[in-house]
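Position in the sequence shown counted from 1, then plus 388, gives you my numbering.
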Amino acid sequence: MTPFEHPRLIADIGGNYARFAVEAAPAVFGHVASIPCAAHPDFHSAVRAYLGSLPAALAESIEHAAVAIANPVEGDLVRMTNYHWQFSIEQMRERLGLQTLVVINDFTALAMALPRLSNAQRRQVGPGEARERSVIGVIGAGTGLGVSGLIPTADGYIALGTEGGHASFAPRDEREIAILRYAARQHEHVSFERLLSGPGLELIYRAVSEGRGGEPLAATEITRRAIDGGDALCLQAVEAFCSILGTAAGNLAVTLGAFGGIYIGGAIVPRLGEYFERSPFRARFEDKGRFSDYVRTIPTFVVTADNATFAGASAILAEQLRRMDAQQDTAVLGLIRRVRNKLSPAERRVADHVLAHPRPTLSDPIAEIARAASVSQPTVIRFCRSLGCEGLSDFKLRLASSLTGTIPVTHTQVTGEDTMLELGVKVLGNTAPAILQVRDQLNRDAIDRAIDLLTAAERVEFFAVGHYGVVADDAQLKFLRFGVPSMAVTEHRLQVLTANVMRPTDVAVIISSSGQVEDLLAVADKAHERGTPVLAITASQSPLAKKADVAIIVDHLEDPSTHVPMISRILHLLVIDILAVGVAMRRGAERVAELPREEIAGFDEAPLEAPPPGARRAGPGISTAGPLAHLTAHSR
């Protein structure tokens, strides 16, 4: 096996234990460790504890990671169903210093490992023979009940992310009807997971022993006593467990048409050993009435491999990295690789530096890039133009678009069945990844030039229309507090008139999500006629971005004709905050701390009023509690 350039961190997170390993080469796992979840307050703490147990050089060399977790993974926020850990995928990637962090459902990962299992890593239970290139199902009981499947494609498989464990339990005999009645007294909805899990086995035991004097037992003890044959109640509980698992597995087989086989994973069944083969599982699996002959041909296997979930998570991570490389090869990094040999020796050194350090290049100034590549600053510009870019800023914008593969920009659909809490979580979850994407796309040169323009301006006019008028209003408020004469102009009839009286010492800030609004484009044209520089907060490659002297790019698709803009408006407000803080810092803390606190108390709540006659005219201010200390604090 060829070792990876950088070893990869692989994790399998359950409700009780977090297992970690370092993958040095494909399917070669070392430094395997199992850490009790209860020993750490959160996921980050557990990962740091594991990394701290590794040799320092090994831990520092890890750049990519895959985490399989016993939880549905939808969007950026991960909240465990059977434990209290929760985290943002992108924030966790940043905190751990990783280039790539892939988080997937643990049974999706296990499903991806199934085609890679050898005969020694699985044990067949009952008859049947798997058909090549057919659908495969997987089900397994542990802290909860995981369900997934594999759909064959031309070049591999697609793993299904499902929550099939929460399908409603259907009893098949009198014992199971009694178990359902017992469980229904405790749970409003009795799913298969309520019974096919560690806590589920304990519930089954309590049900079968009710009124028969059974003592409270943990799942591991129930299993041990049943296999040893010394406890009839424990044996009844395990038999019922295996029967119910057979029903669930049979349901999965007919639902998916899983002629590639049904695989049994999880922590409980492997501990049953040979008992599982003579248990009622297979008989119940085939008990499908008119479709018994249909399922009888489908084989069932117990997964015995120790690191099957690791192998599946590794395969998904490898595919993600391949996809990212393919995306980059069709974008800026791929273009650099293709034209590298046609560049001059000096430009080639810049190319090599960018290929080796693409993310730092996004934020490094031209002087730092030139120094790192051992070339002059004009050579950096020539390199950018050799790629068809107008300059370094344009090159960085295109590079940022090539590097968004690790940012989980997803949208979670709000449904009518959501509670108000779920609705809030989804709205915030949809916003957070978009904010993180814009953060990684920010162009340092553009931000510096924008703040230079605003700091030197005698007056700043903010132009916006429609839903983005509130962004202009917010900008006006902030800049007035810094003593910068400014106005928000959101009425289209006044915008060109305002631009027509601007001076070269002013700055026109035009805020537009699409960058295609004719009225705002006319403002840009009129401002240029007057010699006024234009700063645009808008989409990349838009007409407005091309007209602007400086463009700060915010790319987020939202159709204002069918939706009220929400996320994009927040992104524009955040850009205003960045500019406001930057201007305050450039102007100097002494100019931002002149107003006594009592003179600005309630400023956010009260309208602006002229000072009373004879009152002292104080300079602009935000807080007296230390220079700039509260610029980013919440308003009182």
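Using N, Cα and C, we set each Cβ at its ideal position, and we do this for glycine too.
Taken atom to atom, the span from the alpha-carbon of Asn729 to that of Arg869 is near 54 Å. Ala703 has its alpha-carbon roughly 33 Å from the corresponding atom of Ser667. DSSP, reduced to helix, strand and coil, places Ala456 within a strand of the structure shown.
Less than 8 Å separates the beta-carbon of Gly534 from that of Gly654.
In the DSSP assignment, the residues bridged to Tyr405 are Pro424. Nearest C-alpha to Arg510 among Ala412, Gly544, Pro658: Pro658. Per DSSP, reduced to three states, the secondary structure at Glu778 is coil, with no helix or strand assignment.
Residue pairing by DSSP puts Val691 in a beta bridge opposite Arg510. By the Cβ criterion, the stretch 626-640 is not in contact with the stretch 488-507, since fewer than three pairs of Cβ atoms, one from each stretch, lie closer than 8 Å. A direct Cα-Cα distance of roughly 40 Å separates Gln479 from Ala508. Taking C-beta atoms as the reference points, Glu849 and Thr886 count as a pair closer than 8 Å. Collapsing the DSSP output to three states places Leu824 in a helix. Here Ile839 is near Leu967, since their CB atoms are less than 8 Å apart.
With respect to the 8 Å criterion, Ala413 and Thr390 are classified as neighbours on the basis of their beta carbons.
Partner residues in the beta bridge of Gln474, as assigned by DSSP, are Arg467.
For Pro559, the closest of Asp543, Arg582, Asp494 by C-alpha to C-alpha distance is Arg582.
Straight-line spacing of the CA atoms in Tyr682 and Val526 works out to 18 Å. Scanning its chain for C-beta atoms nearer than 7 Å, with the 5 sequence neighbours on each side dropped, one finds around Ala497 the residues Ala456, Thr697, Gly700, Ala701, Ile704, in chain order.
If you look at Ala637, you'll find it in the alpha helix (DSSP H) that goes 620-644. Only residues of its own chain outside the window of five on either side were considered, and among them Phe475, Met480, Arg483, Leu484 have a CB closer than 8 Å to the CB of His432, listed in chain order. Between Phe557 and Ser585, the CB-CB gap reaches or exceeds 8 Å. Excluding sequence positions up to five before and after Ala614, its CB lies within less than 6 Å of the CB of Cys622, Leu623, Val626, all in the same chain and listed in chain order. Around the CB of Glu517, fewer than 16 other CB atoms lie within 10 Å, so the residue is classed as exposed. Between Gly649 and Thr688 the beta-carbon gap is near 7 Å, inside 8 Å, which marks them as a contact.
Counting along the chain, no beta strand (DSSP E) covers Leu731, and no H or E run does either.
The way I'd put it, the stretch 841-848 does touch the stretch 885-900; three or more beta-carbon pairs between them come closer than 8 Å. Comparing alpha-carbon positions, the option among His472, Pro443, Ala458, Phe495 lying closest to His428 turns out to be His472.
Contact between Leu785 and Leu723 is absent: CB atoms are separated by about 14 Å, not below the 8 Å threshold. Each of Leu721, Ile955, Ser680, Ala458 was checked against the Cα of Leu816, and the nearest Cα belongs to Ile955. Taking each of Asp543, Leu591, His554, Ile546 in turn and checking the Cα distance to Ala566, the smallest one comes out for Leu591. By DSSP's assignment, Arg918 forms no beta bridge with any residue. Close CB contacts of Val853 within its chain, under the 7 Å cut and outside five residues either way in sequence, are with Thr878, His880, Val905, Asp907, Leu908 (chain order).
Listed in chain order, the non-local C-beta contacts of Ala595 below 6 Å within the same chain comprise Ile567, Tyr570, local neighbours out to five positions each way being set aside. In this structure, the beta-carbon distance from Ala927 to Ser901 falls below 8 Å.
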